[in-house]
Amino acid sequence: MTDFIRSLGRRFLNSIQRLGRGNLFLMQILRGLPSMVLRPRLVVQQIYAVGVMSLTIIIVSAAFTGMVLGLQLFNTLQGFGAEQSIGSVTALTLVRELGPVLTAIFFAGLAGTSLTAEIGLMKATEQLSGMEMMAVDPVHRVVAPRFAAAWVSVPLLALIFSAVAILGGYFVSVGLLGLDTSVYWGQMQAYVDWGDDVVNGIIKSIVFGFVCAWIAVYEGFDATPTSEGVSRATIRTVVHSSLSVLALDFIMTSLMFGD
Amino acid sequence: MDNKDDILVKIRGMSFGYAGRQIFDNVDLDIRRGQITAIMGPSGTGKTTLLRLIGGQLKPTAGTIEVDGLNVPTLSHRELYKLRKRMGMLFQSGALLSDLNVYENVAFPLREHTDLPEPMLRDLVLMKLNAVGLRGARGLMPSELSGGMARRVALARAIALDPTMIMYDEPFTGQDPISMGVLVKLIDDLNKALGISSIIVSHDVAETASIADYVYLVSGGKVVEHGTPDTLGHSGSEWTRQFLDGLPDGPVPFHYPASDYREDLLSGGES
Ligand SMILES: Nc1ncnc2c1ncn2[C@@H]1O[C@H](COP(=O)(O)OP(=O)(O)O)[C@@H](O)[C@H]1O
Ligand SMILES: [Mg+2]
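Chains as they are written, first to last, in this note's numbering: chain Z, 7 to 265; chain G, 7 to 277.
This is how it looks when you write it as structure tokens:
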């Protein structure tokens, strides 16, 4: 029994310690960000590597998400004779929730894990130590550009996700199920508010991008430098990112749309 | 002989441990300018750890580590990075950046620390690569190099910023006789031609002793003996003899501590 409590206590202390290290690490990264302005090429390269890699998957999954939404909403709304409002409901769901949340979760699984693995393997093969001994700070040279690229990519991808999914919904409800084109877009224009809906959605995905980027680079940098350690770190990236995104989404939704 | 300015690295009363496990206990050690100093000892005695302590990647729990008059553990981040530009380190694995080719790997420290125009940078990189005999391999990726070649590229990279000192971590381990010979010659040449002070950490006794000016034998967290290769070769200490001659049995026993062999066999599996 005391063993159990002791191990519980140890785990608790360990997590607090990790959280502390994570925050210190974040401070180091943030100090490295201003110098990125002088070397934008480093960040652009990473945006290309991180963002473009996820683009195809984001577009394909957005198209299907939009089409499924179109189908489900059409059937449900038709029951109330409200299929007219499908355009606005689809857009609101996507812009406020599904766009930011699904993009962040996809991003964590695709780009986040690859960032973790890349940084973890660089650590395991002494590339980071080697840089330190060449008087190059790996947090500034390796971590900060990747963090910045991931942070920027998530909101951009979320916008692309929402746009493509809205087109997917259009394809199903107008193309397949025969809703009037002008009704789909007209409803959307009438009921989706720029400030309340679109901007709030963008704020969400900026927050998600920050958290996913932070978790991914931290797990890589903090990984035990063995192949097993790196593999466990990538798993932690997916789990922690997804859970953080969902929890933060609930908090932000209640703050933004709670009235 | 004991001119103070002669000493580049001066370690006094240094202790260090990982998570409670003592690795060094009150170690004193001097590295002289312009010389090749070898630090030898069995695997796991903390030779790599010692290099990391000198490079400021680890902090000792006690004592001082002075490099060129600066006490490394107390330096600020900025001062430490400034000092490191004057130290090269050759990691056991080479530690080349795996996403850059040979040319870019050698160019990396120059690009990070200087604003040289591209043609001049190119000349410098090719000179460094030529010095290690790999000018022709500039387009290869690290994954396409043999272990010996990777170490030579890492060496070219380590001398890119013209350091005053280079630390070699097990440069000869796992090399075939030819690349071993090449590396021995390279380290010796760099030391003699460029006057670079060198620290070689190794357990390859013959190769290391052949080029070292001074040798420290380290074991069990202490400096066991030190002197020129010649004096150590005639050392009276049994441990030194066993280590240098590679004898299987001696003060370091062949057997892990065990109960009596005969009794063990006759006990019929009771334990
Ligand atoms: N990061 C670390 N954490 C804990 N123990 C370590 C770490 N690095 C090395 N050690 C231990 O310290 C001892 C010395 O390691 P090292 O300096 O690599 O030895 P050597 O290079 O002489 O073979 C070894 O027993 C090793 O297991
Ligand atoms: Mg070692």
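Virtual Cβ for every residue (Gly too), placed ideally from N, Cα, C.
- Query: Under a CB-based cut-off of 8 angstroms, is Phe18 of chain Z close to chain G?
  - Reply: Taking the first residue of the first sequence as position 1, residue 18 of chain Z is located at position 12. By this cut-off, Phe18 of chain Z is not an interface position.
- Determine, using beta carbons only, whether Thr54 of chain G and Val224 of chain G come nearer to each other than 8 angstroms. Within the second sequence, numbered from 1, the residue matching residue 54 of chain G stands at position 48. Within the second sequence, numbered from 1, the residue matching residue 224 of chain G stands at position 218. Not in contact: Thr54 of chain G and Val224 of chain G (Cβ atoms no closer than 8 angstroms).
- Report back the beta-carbon spacing between Leu167 of chain G and His119 of chain G to the nearest angstrom; my notes put them in contact at under 8 angstroms. Within the second sequence, the letter at position 161 stands for residue 167 of chain G. Within the second sequence, the letter at position 113 stands for residue 119 of chain G. Rounded, the Cβ-Cβ distance is 6 angstroms, consistent with contact.
- Can you check DSSP and say which residues form a bridge with Arg12 of chain Z? Position 6 of the first sequence holds residue 12 of chain Z. Beta-bridge pairing links Arg12 of chain Z to no other residue.
- Report yes if the C-beta of Lys88 of chain G is less than 7 angstroms from at least one heavy atom of ligand 3; otherwise report no. You won't find ligand 3 in this model; what it holds is ligand 1 and ligand 2.
- Query: To the nearest angstrom, how far is it from the Cα of Ile166 of chain Z to the Cα of Gly174 of chain Z?
  - Reply: Here residue 166 of chain Z refers to the residue found at position 160 of the first sequence. Here residue 174 of chain Z refers to the residue found at position 168 of the first sequence. For Ile166 of chain Z and Gly174 of chain Z, the distance between alpha carbons rounds to 12 angstroms.
- Query: With distances taken between CB atoms, is the gap from Leu56 of chain G to Arg38 of chain G smaller than 8 angstroms?
  - Reply: Indexing the second sequence from 1 puts residue 56 of chain G at position 50. Indexing the second sequence from 1 puts residue 38 of chain G at position 32. Result no, Cβ atoms of Leu56 of chain G and Arg38 of chain G do not sit closer than 8 angstroms.
- Query: What does the shell around ligand 1 hold, if a residue joins when its beta-carbon is under 5 angstroms from any heavy atom?
  - Reply: G:Tyr24, G:Ser49, G:Gly50, G:Thr51, G:Gly52, G:Lys53, G:Thr54, G:Thr55
- Between Gly215 of chain Z and the rest of its own chain, which residues show a CB-CB distance below 6 angstroms, the 5 nearest in sequence each way excluded? Mapped onto the first sequence, residue 215 of chain Z falls at position 209. The residues are Trp157, Val160, Pro161.
- Message: Using only the alpha-carbon positions, how far apart do Pro183 of chain G and Trp245 of chain G sit?
- Response: On the second sequence, position 177 is the one that residue 183 of chain G refers to. On the second sequence, position 239 is the one that residue 245 of chain G refers to. So the two alpha carbons sit approximately 27 angstroms from each other.
- Query: Secondary structure at His83 of chain G, three-state DSSP: helix, strand or coil?
  - Reply: The residue labelled residue 83 of chain G in the question sits at position 77 within the second sequence. Helix at His83 of chain G.
- Kindly confirm or deny that the region 166-180 of chain G and the region 191-208 of chain G touch, where touching means at least three C-beta pairs closer than 8 angstroms. yes
- Query: Counting Cβ pairs, one atom from each stretch, are 3 or more of them under 8 angstroms apart for the region 64-84 of chain G and the region 148-163 of chain G?
  - Reply: no
- Return the residue from the list Z:Arg152, Z:Leu19, Z:Phe256, Z:Leu48 that minimises the CA-CA distance to Arg117 of chain G. Within the second sequence, residue 117 of chain G is the residue found at index 111, counting from 1. Selected option, being the one with the closest Cα: Z:Leu48.
- Message: Below 7 angstroms, is the gap between the Cβ of Asp175 of chain G and the nearest heavy atom of ligand 2?
- Response: For the purposes of this step, residue 175 of chain G is taken as the residue at position 169 of the second sequence. For ligand 2, at least one heavy atom lies less than 7 angstroms from the Cβ of Asp175 of chain G.
- Query: Does DSSP put Asp182 of chain G in a helix, in a strand, or in coil?
  - Reply: Counting from 1 along the second sequence, the entry for residue 182 of chain G is found at position 176. Looking at Asp182 of chain G - three-state DSSP - the assignment turns out to be coil, as it is neither helix nor strand.
- Message: Quick check on His240 of chain G: buried or exposed, where buried means 16 or more other Cβ atoms within 10 Å of its Cβ?
- Response: Taking the first residue of the second sequence as 1, we reach residue 240 of chain G at position 234. Under this definition His240 of chain G is an exposed residue.
- Message: Can you give me the C-alpha to C-alpha distance between Asn107 of chain G and Ala160 of chain G, rounded to a whole angstrom?
- Response: Walking along the second sequence from the start, residue 107 of chain G turns up at place 101. Walking along the second sequence from the start, residue 160 of chain G turns up at place 154. Going from the Cα of Asn107 of chain G to the Cα of Ala160 of chain G covers about 12 angstroms.
- Task: Measure from the C-beta of Phe358 of chain G to each C-beta in chain Z and report whether the shortest distance is under 8 angstroms.
- Result: Residue 358 of chain G lies beyond the residue range present for chain G, which begins at 7 and ends at 277; the question has no answer from this structure.
- Task: Can you say whether Ala239 of chain Z is buried or exposed, counting buried as having 16 or more other CB atoms within 10 angstroms of its CB?
- Result: Within the first sequence, numbered from 1, the residue matching residue 239 of chain Z stands at position 233. Ala239 of chain Z comes out buried.
- Compute the minimum distance between the beta carbon of Gln51 of chain Z and the heavy atoms of ligand 2, and state whether it is under 7 angstroms. Along the first sequence, read from residue 1 onward, the residue named residue 51 of chain Z stands at position 45. The answer is no for Gln51 of chain Z.
- Run the CB neighbour count on Asp8 of chain G, radius 10 Å, all protein chains shown included, and call it buried at 16 or more, exposed below. For the purposes of this step, residue 8 of chain G is taken as residue 2 along the second sequence, with counting starting at 1. Residue placement at Asp8 of chain G is poorly supported in this model, since its pLDDT is 48, which falls under 50; the coordinates still yield a value, given next. By the neighbour-count criterion, in which 16 or more other beta carbons inside 10 Å mark a residue as buried, Asp8 of chain G falls on the exposed side.
- Query: Considering only residues of the same chain and omitting the five flanking positions on each side of Ile202 of chain G, which have a CB-CB separation below 6 angstroms?
  - Reply: Taking the second sequence and counting its residues from 1, one reaches residue 202 of chain G at position 196. These residues qualify, in order along the chain: Ile172, Leu196.
- Query: Should Ser104 of chain G be flagged as near chain Z, meaning a C-beta pair shorter than 8 angstroms?
  - Reply: For the purposes of this step, residue 104 of chain G is taken as the residue at position 98 of the second sequence. True, the Cβ-Cβ gap to chain Z drops below 8 angstroms.
- Leaving aside the five residues before and after Glu124 of chain G along the sequence, list all residues of the same chain whose C-beta is less than 6 angstroms from its C-beta, in chain order. By 1-based counting over the second sequence, the position of residue 124 of chain G is 118. So no residue of the chain qualifies.
- Message: Counting only beta-carbon separations shorter than 8 angstroms, does Gly136 of chain Z have a partner in chain G?
- Response: Looking up residue 136 of chain Z in the first sequence gives position 130. Interface residue, yes.
- alpha helix (DSSP H) segment containing Val270 of chain Z, residue limits: Past the boundaries of the shown model lies residue 270 of chain Z; chain Z is included only from 7 to 265, so the question cannot be answered.
- Query: Do Asn59 of chain G and Pro48 of chain G have their C-beta atoms within less than 8 angstroms of each other?
  - Reply: In the second sequence, counting from the first residue as 1, residue 59 of chain G sits at position 53. In the second sequence, counting from the first residue as 1, residue 48 of chain G sits at position 42. Sequence check: residue 59 of chain G is Leu here, not Asn. It is not a contact, given that the beta carbons lie outside the stated cut-off.
- Item | From G:Gln41, G:Gly23, G:Ala44, G:Ile71, residue whose alpha carbon lies closest to that of Asp34 of chain G | Your numbering for residue 34 of chain G matches position 28 in the second sequence. Residue G:Ile71 is the option with its Cα nearest to Asp34 of chain G.
- Item | chain Z within 8 angstroms of Lys91 of chain G, Cβ atoms only | To locate residue 91 of chain G, count along the second sequence from 1; it is residue 85. For Lys91 of chain G, the answer is yes, since a Cβ of chain Z falls inside 8 angstroms of its Cβ.
- Length of the line joining the Cα atoms of Asp36 of chain G and Met186 of chain G: The residue given as residue 36 of chain G occupies position 30 in the second sequence. The residue given as residue 186 of chain G occupies position 180 in the second sequence. Using only the alpha carbons, I get a separation of about 27 angstroms.
- How big is the Cα-Cα spacing for Gly62 of chain G and Pro79 of chain G? Stepping through the second sequence from its first residue, residue 62 of chain G is reached at position 56. Stepping through the second sequence from its first residue, residue 79 of chain G is reached at position 73. Each residue's Cα considered, the two are about 6 angstroms apart.
- Query: So what does DSSP say about Asp8 of chain G, is it helix, strand or coil?
  - Reply: Looking up residue 8 of chain G in the second sequence gives position 2. Confidence at Asp8 of chain G is low in this model, with a pLDDT of 48, below 50, so its placement is unreliable and the value that follows should be read with caution. Residue state, collapsed to three classes: coil.
- Query: Of all the options Z:His146, Z:Gln195, Z:Ile53, Z:Thr62, which has the alpha carbon lying nearest to the alpha carbon of Leu39 of chain Z?
  - Reply: Counted from its first residue, the first sequence places residue 39 of chain Z at position 33. Considering only alpha carbons, the answer is Z:His146.
- Item | Own chain partners of Asp203 of chain Z with C-beta closer than 7 angstroms, once the 5 adjacent residues on each side are dropped | Residue 203 of chain Z sits at position 197 when you count from the first residue of the first sequence. Closer than 7 angstroms at Cβ, skipping near neighbours: Leu98, Val101, Arg102.
- Query: What are the start and end residues of the alpha helix (DSSP H) that includes Gln28 of chain G?
  - Reply: In the second sequence, counting from the first residue as 1, residue 28 of chain G sits at position 22. Gln28 of chain G -> not in any alpha helix (DSSP H); beta strand (DSSP E) instead, spanning 27-38.
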